[in-house]
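Those letters in the sequence shown? Residues 649 to 1157, per the numbering used here, in order. All remarks here apply to the structure that follows.
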Amino acid sequence: MEYVIGCDVGSQAVKAVLLSAQGTILGEAGAAYDIQYPRPAWAEQEAEAWVEGVIQAIAALIRKTGVQGKSIRAIGLDAQVDGFVAIDANGNVLHPAIIWMDRRAVEQVKAIAARYNPSRLFEISGLNLDAYHVAPKIRWFADTQPDLFDKSHYFLLPGSYVAYYLTGELGVDYSNASSTLLMDVRARQWSAELCDCFRIPIEKLPPIYPADKIIGRLRREIAEQTGLSPGIEVILGCGDEHAASLGAGVVSPGLVCDIAGTAEPVCAASREPLFDHTGLVETHCHADPDLWLLENPGFVSGGNYRWLRDQFAPDLVQKAAQLGLDVYDLLNQEAESVPPGSDGLVMLPCLSGAMTPSWNALARGVFLGFTLAHRRSHFVRAVLEASAYALRDITDRMQAMGLALKQIRAVGGGARSPLWRQIKADVTGLPVALLQTVETTALGAGLLALAGKGYVASLSEAVEACVRVVEIREPDPSTAECYQAYYQLYRSTYFALQPVFEQASRIEA
């Protein structure tokens, strides 16, 4: 038997899966690491933590499955996007990695917007001018650490750094590069104009390749620590949201990948680079080099549910622990007792700013319409419905861009809730499918390994062999009128509160 490994280098952990050459998932393992928050709006990690996580996760996977390391033929990677680390000419890391959730580069964004037309940047990159992306973060690094900036030989995204550490070879795939604000998303190459705009030397960016490229071979030192054979092939890989979409089988127009984790990115495949000039949906390259990925990078979703659990349901947390149950199953049971629309209770799910209905870092969470008659169960259902309203913002916009959407594929931890899947189907008017595995990100990395190694002729063939729909929730027509009314109330509330959010921000400052 021959096998491949898919490694997902996420925000807080590495997840590794073992796949047979035929695409069957045979085991999984993981290793966690921390995020550091040295100042407000800052978020950092040590780059070494990523590679240590990969080493630990692969070693644990081999122990857990009992396979021989020599039977594993390739490793496929994916990693968190929109972060970077600088290395010198000898490959030494010069600073802690600045990761995707870091917002320190707000002033750099303002300075760029004052000198360049953001619409022009969008036209080239398909991205909003926002501190979320890599280019403003590198500009901050240059402005505040000029000596280290000058000493930097390359700026590497997390996945590129891991691939470099494992193999000694440099590269970044189309999908990761398209998330930086430095790439021409149509041409799939670094943009000299964008690099000039941010004053980032283009020669300090790694070469761009397809995600299924064999970037190099595993160094002996790493092989010895993992139990793998030296010299096995490492596939460059893609961004985590792109891998999740691939693992969900979103490789043809009409399918949507809804990734319900702490945040909820929403992605759809397109055969051409479509552009949303409202800025709600960004345009990226897909892991499949023949496609593009239209994406909203993620409103807070599961994070809101966790907040509600922690603040308002300590009794259920204790009860679940005593009974050996998942506390979210108990919360979902409460929500099921409440009718659609939560008896007039509507939530804005903006506990960490808003990515829908528009991008607004000043937006805050709101519950509208609660009375003495509302119980905890109403608030639980309102949280679930709020994520569905935000999802509809995005699917409606994608359809306005010209995509004929046919099905949402729910992945991530939130996809395990039948009630949440049904609410999303009812609110969006689209069928919501459950897959054989909801953790599709590492699977997507494994599919890249299968394609890169030649076990399948294409990524589409890998998806056909490995991705299985096990249930579909159809929209319930009896809820359509109710949810249409409350969806419009959700949007009216959000836009009416824009000046209030600004006022609150000034008071907080």
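Beta carbons are placed, not taken as given, at the ideal position from N, Cα and C, and that holds for glycine. Nothing here was measured: the structure is a model prediction, and the numbers come from that model.
With 16 other Cβ atoms within 10 Å as the buried cut-off, status of residue i
i: D821; result: buried
i: P962; result: exposed
i: A1019; result: Checking the sequence, you will find Thr at residue 1019 rather than Ala. Exposed, because fewer than 16 other Cβ atoms sit within 10 Å of the Cβ of T1019.
i: D1074; result: buried
i: K861; result: buried
i: S1140; result: exposed
i: V1118; result: exposed
i: R1154; result: exposed
i: L814; result: buried
i: E676; result: buried
i: R594; result: Outside the displayed span of the chain (649 to 1157) sits residue 594, for which this structure offers no information.
i: R721; result: buried
i: R787; result: buried
Nearest neighbour of residue i, chosen from the options [CA to CA]
i: L1053; options: D1044, V1059, G1061 and G1060; result: D1044
i: K852; options: C915, R867, A783 and R868; result: A783
i: I880; options: K1101, E1119, R1121 and A1128; result: K1101
i: E943; options: Y953, Q1055 and E930; result: E930
i: Y953; options: Q1055, M1003 and R1024; result: R1024
i: D916; options: H925, T926 and A935; result: One point to set straight first is that residue 916 is Ala, not Asp, in the sequence displayed. Checking every option, the nearest Cα to that of A916 belongs to A935.
i: M649; options: V662, L1137, D656 and Q670; result: Q670
i: E692; options: R751, P849 and A908; result: R751
i: D991; options: P849, L876 and G1017; result: G1017
i: A1038; options: V994, L1051, L1010 and L1067; result: V994
i: A1123; options: P1066, E1112 and E1109; result: Per the sequence shown, residue 1123 should be read as Pro rather than Ala. That would be P1066, whose Cα lies nearest to the Cα of P1123.
i: G902; options: G989, Y1131, M1046 and G717; result: M1046
i: K748; options: G807, I706, N740 and Q1132; result: A quick correction: the sequence has Trp, not Lys, at residue 748. Here the closest residue by C-alpha is G807.
i: L1095; options: A707, N740 and C1114; result: C1114
i: S918; options: V699, T1076 and L894; result: L894
i: D906; options: W1068, A983, L769 and T713; result: W1068
i: G678; options: V699, W955, P686 and Q684; result: V699
i: S827; options: A871, L777 and Y685; result: L777
i: S1006; options: L922, A969, F1143 and S1106; result: F1143
i: Y809; options: S877, E982, G739 and A1011; result: G739
i: R1040; options: A1105, Q1132, A1011 and L1091; result: Q1132
i: F803; options: P849, L1091, A891 and L1137; result: P849
i: H890; options: R867, V754, V715 and H932; result: H932
Beta-carbon gap between residue i and residue j smaller than 8 Å
i: K728; j: G819; result: The residue you asked about is not Lys; residue 728 is Gln in the sequence shown. No, the pair does not count as a contact, with Cβ atoms beyond the cut-off.
i: D957; j: V986; result: This sequence places Arg at residue 957; Asp is not what is there. Cβ distance not < 8 Å, so R957 and V986 don't count as in contact.
i: T874; j: F947; result: no
i: R1116; j: A896; result: no
i: I653; j: A664; result: yes
i: K799; j: L742; result: yes
i: I856; j: R836; result: yes
i: Y681; j: L666; result: no
i: Q756; j: D795; result: no
i: L805; j: N824; result: yes
i: A737; j: H801; result: yes
i: V733; j: A689; result: no
i: D888; j: D656; result: yes
i: I710; j: G717; result: yes
i: D726; j: T1089; result: yes
i: A759; j: A779; result: no
For residue i: DSSP bridge partner residues
i: A677; result: A664
i: I653; result: L666 and I723
i: V948; result: A911
i: M831; result: W838
i: C886; result: D726
i: L996; result: V1014
i: T931; result: L942
i: D906; result: V914 and A1058
i: R867; result: Bridge partners of R867: none, in fact.
i: R1064; result: Paired residue(s): none; R1064 is not in a bridge.
Cutoff 7 Å; reference residue i; Cβ partners in own chain excluding five residues on either side
i: S1035; result: E912, S949 and P997
i: I1071; result: L1032, E1033 and A1036
i: L964; result: V975, L978 and L979
i: D924; result: R1045 and M1049
i: T1127; result: P988 and D1074
i: Q1084; result: R1116 and V1118
i: S877; result: G717, K718 and A871
Beta-carbon contacts of residue i that lie in its chain and below 6 Å, excluding the five residues immediately before and after
i: Y764; result: C845
i: E817; result: I863 and G864
i: D832; result: I772 and S839
i: S1108; result: V899
i: A1099; result: D860, L1107 and A1110
i: L939; result: A917
Own chain, CB closer than 8 Å to residue i, minus 5 neighbours either side, in chain order
i: N1008; result: C998, G1001, A1002, Q1146 and F1149
i: V1086; result: A1058, V1059, G1060, G1061, A1063 and R1064
i: I1042; result: V914, L928, V929, N944 and T1004
i: I1120; result: Q1055, P1079, V1080, A1081 and L1082
i: A960; result: Ala is not the amino acid found at residue 960; the sequence shown has Phe there. Excluding positions up to five away in sequence, the list reads R1024 and F1027.
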